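S.K.:
In the working numbering, the protein residues as written are 323 to 477.
1. Assess, as a yes-or-no matter, whether the segment 446–455 is touched by the segment 402–418 under the definition of 3 or more beta carbon pairs within less than 8 angstroms.
2. Taking C-alpha atoms, which residue in 395, 342, 379 lies nearest to residue 357?
3. Less than 8 angstroms separating the beta-carbons of residue 461 and residue 412?
4. Under three-state DSSP, which class holds residue 340?
5. Report all residues from its chain with a CB closer than 8 angstroms to the CB of residue 471; omit the five preceding and five following residues, and keep chain order.
6. For the beta strand (DSSP E) containing residue 451, name the first residue and the last one.
7. For residue 408, which residues from the same chain have a beta carbon less than 7 angstroms from its beta carbon, with the 5 sequence-adjacent residues on both sides left out?
8. For residue 338, count neighbouring Cβ atoms within 10 angstroms of its own Cβ and tell me buried if that reaches 16, exposed if not.
9. At 4 residues or longer, what runs of the alpha helix (DSSP H) sit wholly inside the segment 348–401?
10. Do residue 439 and residue 467 have their C-beta atoms within less than 8 angstroms of each other?
11. Within 10 angstroms of its Cβ, does residue 485 collect 16 or more other Cβ (buried), or is it exposed?
12. Give the list of continuous beta strand (DSSP E) stretches no shorter than 3 residues that lie fully inside the segment 422–469.
13. Taking buried to mean at least 16 other C-beta atoms within 10 Å of its own C-beta, is residue 350 buried or exposed?
14. Exposed or buried, residue 374, counting other C-beta atoms within 10 Å across all chains shown (16 or more means buried)?
15. In this structure, does DSSP put residue 477 in helix, strand or coil?
16. With a Cβ-Cβ cutoff of 8 angstroms, do residue 410 and residue 469 count as a contact?
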């Protein structure tokens, strides 16, 4: 194991006396010390010219995690920036904006998700987005079917 045997510390505050162990594993140490600085600079440089992105950078990438998980938060923030304008991101946004319509479908849909597919395709008509090869094109019904069946698949 990469965990130490002596990482015990005591916390005394307002009558509370507790002992804690904080033993990060090596991937978290490497991530925090070696990966986080680069991911942080990359995320900042990609966000600095857009006020909303810069606010999200501090909120989601910097503030919202402990030291050991900081690199994971920064890499996730960069992954989200990478997906901006993608077909997957466009379909996620369509469903988020039209959430009430989709909630009504989920209880009533069949095993092939045909109602969800039809509603998503109808709402995505005429929308352009970037595919996994970087080509900007119209969202097709095949894209919607792939995404509904596996939301994590890059399209």
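All residues carry an ideal CB built from backbone N, CA and C; glycine is no exception. Treat the numbers as computed from the prediction; the structure is a model and nothing was measured.
M.R.: Looking at the coordinates:
1. Yes, they touch.
2. Taking the chain shown and counting its residues from 1, one reaches residue 357 at position 35. Ranked by how close their Cα comes to the Cα of residue 357, the residues 395, 342, 379 have 395 in first place.
3. Position 139 of the chain shown, counted from the start, is the residue given in the question as residue 461. Position 90 of the chain shown, counted from the start, is the residue given in the question as residue 412. Between residue 461 and residue 412, the C-beta spacing is below 8 angstroms.
4. The sequence position of residue 340 within the chain shown is 18, counting from 1. Reduced to three states, the DSSP call for residue 340 is strand.
5. Numbered from its first residue, the chain shown carries residue 471 at position 149. These residues qualify, in order along the chain: 435.
6. The count along the chain shown starts at 1 and reaches residue 451 at position 129. Element bounds for residue 451: 450–452.
7. Stepping through the chain shown from its first residue, residue 408 is reached at position 86. Taken in chain order, the residues that qualify are 451, 452.
8. Here residue 338 is taken as the residue at index 16 of the chain shown, counted from 1. Looking at its Cβ environment, which holds fewer than 16 other Cβ atoms inside 10 Å, residue 338 is exposed.
9. For the segment 348–401, whole alpha helix (DSSP H) runs of length 4 or above, ordered along the chain, are 348–352, 358–369, 373–378.
10. Position 117 of the chain shown holds residue 439. Position 145 of the chain shown holds residue 467. Contact flag set, yes.
11. Because the chain spans 323 through 477 in this model, residue 485 falls outside it and cannot be assessed.
12. Restricted to the segment 422–469, the beta strand (DSSP E) segments that are unbroken, complete and at least 3 residues in length are 450–452, 458–460, listed in chain order.
13. Reading the chain shown from its first residue, position 28 is the one you call residue 350. By the Cβ-count criterion, residue 350 is buried, with 16 or more other Cβ atoms from all chains shown falling within 10 Å of its own Cβ.
14. Locating residue 374 in the chain shown gives position 52, counting from the first residue. The residue in question, residue 374, is exposed, as its Cβ has fewer than 16 Cβ neighbours within 10 Å.
15. Residue 477 sits at position 155 when you count from the first residue of the chain shown. Assigned with DSSP and collapsed to three states, residue 477 falls in coil, not helix or strand.
16. On the chain shown, position 88 is the one that residue 410 refers to. On the chain shown, position 147 is the one that residue 469 refers to. Between residue 410 and residue 469, the C-beta gap is smaller than 8 angstroms, which places the two residues in contact.
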